[in-house]
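The opening position of the sequence shown corresponds to residue 1 in the UniProt record's numbering, with each subsequent residue numbered one higher. For glycine and all other residues, C-beta sits at the position ideal for the given N, C-alpha and C. Only one structure is covered here, and it is reproduced in the block below.
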Amino acid sequence: MILLQVSQLYKSFGAEEILSNIKLEVKTNDRVALVGRNGAGKSTLLKIIAGELSYDRGEIMKPKNVTIGYLSQDTGLESTKSIWDELASVFLPLKEMEIKLRKMEIDMSDPALLEDASKYEKHLKEYDQLQVTFEEKGGFQYEADIRSILHGLKFDDKDYQTPIQSLSGGQKTRLALGKLLLTRPDVLVLDEPTNHLDIETLTWLERYLQSYSGAVLVVSHDRYSLDKITTHVYEISRNKIQSFPGNYSAYLRQKAESYEREIKAYEKQQEEVSKLKDFIQKNLARASTTKRAQSRRRTLEKMEIMDRPQGDEKSATFSFQIEKQSGNDVLRVNDLTIGYNQTPICEGISFHMYRSESIALIGPNGIGKTTLLKTLIDQLPALSGVFQFGANVSISYYDQEQAKLYSNKRVLDELWDEYPGLPEKEVRTVLGNFLFSGDDVLKPVSALSGGEKARLALAKLMLEKSNVLILDEPTNHLDLDSKEILENALIDYPGTILFVSHDRYFMNRIATKVVELSNEGTTEFLGDYDYYLQKKEEIEELKRLEAEKIPTSNQAALGSKLSYEEEKEQKRLERQKKRQIEELEGKIEQLELEIEEIQQELFNPDYVDDHQKLFELQSKQEELQNQLDDYVEQWTALAE
């Protein structure tokens with residue numbers, strides 16, 4: 001069932017067109033991602049769909065009974081109520097129903113009603129109907145739902161009677177998300193819902209959205225989440241929209257394949273046009289060949305000449321260099337305690353950083369990751385313990401809040417004042433590499449967007465040429481393309497990196513070591529984020545096995561108690577499971593072959609201009625891929 005349809009939608013701000021001929025469709029159980037550069041119009045489109053912004057022309061269609069729930073970027077819940085009372089207000093109709101049920105129960109013990117059989121029967125029937133409705137709408141579980149959401153969003157350590165006014169901005173944003181999830185709209189429209197979430201909460205939200213009973217339309221720069229959640233991707237680029245079935249990785253692959261096909265088709269047509277023009281030029285004047293030349297000219301005039309396919313929009317280009325190499329020992333931290341105003345946040349921090357390492361600091365929100373970075377760069381004093389940097393170490397620090405970028409200077413002067421020895425042309429070139437061109441360099445810094453400030457901060461960082469980079473959430477405010485550029489620059493960086501990030505994809509590409517901060521101190525893992533997860537699972541499994549350990553003698557006694565019939569049943573189930581696994585493997589192999597055949601057809605040059613055929617093939621591929629995913633999931637469950 002189609003829950004939401006956007007057709008031929010246009011939106012301009014003044015003379016600037018933001019969205020042009022936008023078409024988008026959301027069906028039941030869809031998980032749709034909207035991607036594109038910062039400023040492409042993603043948030044604008046979400047606001048239009050949510051009814052918070054007007055549009056110039058086009059249509060937005062949805063069935064009457066379909067509800068849309070919208071969470072804008074960094075929306076904070078403002079309320080005078082407590083945490084519990086605010087979230088419970090979502091279920092006000094249920095609470096009123098519950099009060100009515102309790103009243104009806106009291107009325108049923110009224111002697112006057114008991115004496116009148118017909119009235120009592122009618123009252124009982126109304127009570128039964130109301131109770132069924134109450135149960136169907138979740139009346140017996142809404143309090144459990146509230147607790148589940150609060151636990152998932154890491155409010156389980158908070159007193160539920162805490163006034164919302166006393167919470168931080170990030171906590172208010174998480175509560176706004178929680179309240180929206182409790183309303184359970186048919187279509188969840190989320191603009192950057194992963195902001196202010198630590199990794200554990202992100203993982204919970206991904207699982208919640210995967211199993212959500214309605215549809216989800218989301219804008220996010222978290223590629224790990226997009227791969228986990230989404231079943232369809234729409235890309236907004238140059239005011240236009242394009243649709244891709246599958247998750248984010250599938251979108252990247254299809255986009256590259258589509259561009260390659262379009263380039264080949266364009267080059268083939270250009271070659272054909274060149275041959276036609278050449279033939280016409282050589283043969284038009286000859287009496288013997290003029291008719292053939294005229295025929296070719298008519299063919300050329302009727303031909304619909306393709307425009308050269310446009311690749312990706314312009315990207316930032318930069319690299320981080322160093323002036324001098326540091327010693328092999330870059331940093332030693334030993335039994336460090338960090339905090340504010342003599343109040344400890346985290347204790348027992350110890351780790352060692354060597355040259356060329358890239359260390360990811362991870363841990364729950366509030367554990368002290370940013371505090372540790374600020375302690376290491378002497379912005380905060382250590383409460384106890386020691387840390388020491390090695391020989392020839394020079395440090396550059398990236399602040400997630402961009403605290404130093406609130407001046408009224410022009411962008412050009414912000415950079416030039418720190419490097420007055422550079423000629424203006426070189427400063428403009430550097431800014432141009434970070435996508436500040438033309439009049440952009442004359443904007444006041446205070447008027448820049450979050451993404452623009454992030455790029456300016458990175459430009460300053462690049463010019464410092466330090467051999468140690470300490471980065472606090474460097475991917476915040478960056479769009480997906482800018483993140484990839486930053487990753488590539490950091491991978492090629494010849495120095496040492498210590499960073500905090502909630503971007504798991506970024507950590508996987510950059511980190512060579514993970515240092516986990518917890519209430520017990522620090523634990524080191526020699527690998528990327530996926531390796532860290534694997535090791536954590538192994539540790540948890542060992543702890544579980546240790547807790548459930550049965551003495552060997554008990555195991556033997558237990559084994560001897562299995563009857564002949566129980567052993568027979570066990571073997572039967574094993575054989576049945578083996579047959580199911582083999583059957584699933586056959587189905588998986590067959591589906592993979594069918595998907596591969598469709599992939600070959602998609603590359604068929606005969607279908608380049610046949611959009612209907614390509615759409616049918618892509619739809620079939622998506623259907624087969626969904627089946628394949630189901631079979632693989634079943635196979636995994638059985639194999640485990």
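* Asked: Is the segment 335-350 touching the segment 408-423 in the sense that three or more CB pairs, one from each, lie closer than 8 Å?
  -> Too few Cβ pairs lie closer than 8 Å, so no.
* To do: Determine the DSSP secondary structure at Gln129, reduced to helix, strand or coil.
  => Counting from 1 along the sequence shown, the entry for residue 129 is found at position 129. Here Gln129 sits in helix by DSSP.
* **Burial state of Gln319 (16 or more Cβ within 10 Å)** => Counted from its first residue, the sequence shown places residue 319 at position 319. In the sequence as presented, Gln is not what sits at residue 319; that position holds Ser. Per the 10 Å Cβ criterion, exposed.
* To do: Can you give me the Cβ contacts of Glu200 inside the same chain, cut-off strictly under 8 Å, excluding the 5 residues immediately before and after it?
  => Residue mapping note: residue 200 aligns to position 200 of the sequence shown, counting from 1. Taking C-beta separations shorter than 8 Å and ignoring five residues to either side along the sequence, the partners of Glu200 in its chain run Lys154 and Pro364, following chain order.
* Reduced DSSP category for Gly527 - H, G, I as helix; E, B as strand; rest coil -> Position 527 of the sequence shown, counting from 1, holds the residue named residue 527. The answer is coil: DSSP assigns Gly527 none of H, G, I, E or B.
* Asked: Do Val500 and Lys369 have their CB atoms nearer than 8 Å?
  -> Counted from its first residue, the sequence shown places residue 500 at position 500. Counted from its first residue, the sequence shown places residue 369 at position 369. Judged by beta-carbon spacing, Lys369 lies within the 8 Å limit of Val500, meaning their Cβ atoms are closer than that value.
* **Short Cβ contact (8 Å threshold) for Asp191 with Ser72** => Here residue 191 is taken as the residue at index 191 of the sequence shown, counted from 1. Here residue 72 is taken as the residue at index 72 of the sequence shown, counted from 1. Between Asp191 and Ser72, the C-beta gap is smaller than 8 Å, which places the two residues in contact.
* How many Å lie between Lys228 and Val219 at the Cα? -> Within the sequence shown, residue 228 is the residue found at index 228, counting from 1. Within the sequence shown, residue 219 is the residue found at index 219, counting from 1. The C-alpha of Val219 is placed about 14 Å away from the C-alpha of Lys228.
* Asked: Starting from Gln310 and walking both ways along the alpha helix (DSSP H), at which residues does that stretch end?
  -> Indexing the sequence shown from 1 puts residue 310 at position 310. Going by DSSP, Gln310 is part of no alpha helix (DSSP H) at all; its letter is neither H nor E.
* **Local Cβ density within 10 Å of Arg207, reported as buried at 16 or more and exposed below that** => The sequence position of residue 207 within the sequence shown is 207, counting from 1. Classification for Arg207: exposed.
* Do Gly385 and Leu331 have their C-beta atoms closer together than 8 Å? -> Within the sequence shown, the letter at position 385 stands for residue 385. Within the sequence shown, the letter at position 331 stands for residue 331. Contact: no.
* Among Tyr505, Ala511, Leu486 and Ile485, nearest to Thr496 - alpha-carbon criterion -> Position 496 of the sequence shown, counting from 1, holds the residue named residue 496. Among Tyr505, Ala511, Leu486 and Ile485, the Cα nearest to that of Thr496 is on Ala511.
* Nearest CA to the CA of Ser211: which residue from Lys172, Asp503 and Arg184? -> The residue you call residue 211 lines up with position 211 of the sequence shown. Of the listed residues, the one whose Cα sits closest to Ser211 is Arg184.
* Would you say the segment 242-260 touches the segment 73-87, given that touching needs at least three Cβ pairs under 8 Å? -> In the pairwise beta carbon analysis, the segment 242-260 is classified as not touching the segment 73-87: fewer than three pairs are separated by under 8 Å.
* **Endpoints, the beta strand (DSSP E) within which Gly339 is located** => Sequence index remark: in the sequence shown, residue 339 carries index 339 (1-based). Following the DSSP letters along the chain, one finds Gly339 inside the beta strand (DSSP E) bounded by residues Asp329 to Tyr340.
* Is the CB-CB distance between Val515 and Thr522 below 8 Å? -> Position 515 of the sequence shown, counting from 1, holds the residue named residue 515. Position 522 of the sequence shown, counting from 1, holds the residue named residue 522. Judged by their CB atoms, Val515 and Thr522 are nearer to each other than the 8 Å cut-off.
* To do: Return yes when the Cβ of Ile49 is within less than 8 Å of the Cβ of Ile241, no when it is not.
  => As a working mapping, residue 241 is identified with position 241 in the sequence shown. As a working mapping, residue 49 is identified with position 49 in the sequence shown. Contact check for Ile241 against Ile49 fails: the beta carbons are separated by 8 Å or more.
* With DSSP run on the structure shown, which of helix, strand or coil describes Pro111? -> Stepping through the sequence shown from its first residue, residue 111 is reached at position 111. DSSP places Pro111 in helix when its eight states are reduced to three.
* **Per-residue burial, Ala639 [other beta carbons within 10 Å of its own, 16 or more giving buried]** => Here the question's residue 639 lines up with position 639 in the sequence shown. It is exposed - the Cβ of Ala639 has fewer than 16 other Cβ atoms within 10 Å.
* Going straight from the alpha carbon of Glu414 to that of Leu498, what length do you get? -> Along the sequence shown, read from residue 1 onward, the residue named residue 414 stands at position 414. Along the sequence shown, read from residue 1 onward, the residue named residue 498 stands at position 498. Distance between the alpha carbons of Glu414 and Leu498: 26 Å.
* According to the neighbour-count rule (16 or more other Cβ atoms, all chains shown, within 10 Å of its Cβ), is Ala459 buried or exposed? -> If you number the sequence shown from 1, residue 459 lands on position 459. Result: buried.
* Keeping to the same chain, check which residues put their C-beta closer than 6 Å to that of Glu262; ignore five residues upstream and five downstream. => For this step, residue 262 is matched to residue 262 along the sequence shown. Annotation for Glu262: Pro309 place their beta carbon closer than 6 Å to its own, counting only its chain and skipping 5 residues before and after.
* Would you be able to state if there are at least three C-beta pairs under 8 Å between the segment 90-104 and the segment 122-140? => At 8 Å Cβ cutoff, the stretches touch.
* **Option in Leu461, Tyr224, Gly366 and Ile359 with minimal Cα separation from residue 643** => Missing from the structure shown is residue 643; the chain here goes from 1 to 640 and no further.
* What residues in its chain sit with their C-beta under 8 Å from that of Ser560, if we drop five residues either side in the sequence? -> The count along the sequence shown starts at 1 and reaches residue 560 at position 560. Low confidence applies to Ser560: its pLDDT is 46, below 50, so where it sits in the model is not reliable enough to give any reading.
* Would you tell me roughly how many angstroms separate the C-alpha atoms of Asn195 and Ser350, rounded to the nearest one? => Position 195 of the sequence shown, counted from the start, is the residue given in the question as residue 195. Position 350 of the sequence shown, counted from the start, is the residue given in the question as residue 350. One C-alpha to the other measures close to 29 Å.
* DSSP beta-bridge partners for His352? -> Numbered from 1 along the sequence shown, position 352 holds the residue referred to as residue 352. DSSP, once it has assigned bridges, lists Arg332 as partnering His352.
* Check whether the segment 447-458 touches the segment 469-480, counting contact only when three or more Cβ pairs, one atom from each stretch, lie closer than 8 Å. => Result yes; three or more Cβ-Cβ pairs closer than 8 Å.
* Asked: I think Lys620 touches Ile598, with their Cβ atoms under 8 Å apart; what is that distance to the nearest whole Å?
  -> Counting from one through the sequence shown, the residue named residue 620 turns up at place 620. Counting from one through the sequence shown, the residue named residue 598 turns up at place 598. Indeed they touch by this definition, with Cβ atoms about 6 Å apart.
* To do: Have a look at Thr636, Ser249, Leu463 and Arg292 and flag the residue whose alpha-carbon is nearest the alpha-carbon of Asp417.
  => Translated into positions along the sequence shown, residue 417 becomes position 417. Nearest in C-alpha terms to Asp417, of all of Thr636, Ser249, Leu463 and Arg292, is Leu463.
* Asked: If you follow the beta strand (DSSP E) that Met61 is part of, which residue opens it and which one closes it?
  -> The count along the sequence shown starts at 1 and reaches residue 61 at position 61. Note, Met61: beta strand (DSSP E), Arg57 to Met61.
* Work out the CA separation of Val32 and Thr484 for me, nearest whole Å. => Locating residue 484 in the sequence shown gives position 484, counting from the first residue. Locating residue 32 in the sequence shown gives position 32, counting from the first residue. It should be noted that the sequence gives Glu, not Thr, for residue 484. Annotation: Glu484 to Val32 spans about 22 Å, alpha carbon to alpha carbon.
* To do: Classify Leu584 as buried or exposed, calling it buried when 16 or more other Cβ atoms lie within 10 Å of its own Cβ.
  => Taking the sequence shown and counting its residues from 1, one reaches residue 584 at position 584. Buried is the label assigned to Leu584, since at least 16 other Cβ atoms lie within 10 Å of its Cβ.
* Unbroken stretches of the alpha helix (DSSP H), 4 residues or longer, contained in the segment 453-529 -> Within the segment 453-529, the complete alpha helix (DSSP H) runs of at least 4 residues fall at 480-491 and 504-510.
* To do: Leaving aside the five residues before and after Pro444 along the sequence, list all residues of the same chain whose C-beta is less than 6 Å from its C-beta, in chain order.
  => One-based indexing of the sequence shown puts residue 444 at position 444. Here the set comprises Asn408.
* Minimum length 4: unbroken alpha helix (DSSP H) runs contained in the segment 359-414 -> Those alpha helix (DSSP H) runs which fall completely within the segment 359-414 and span 4+ residues are 369-376.
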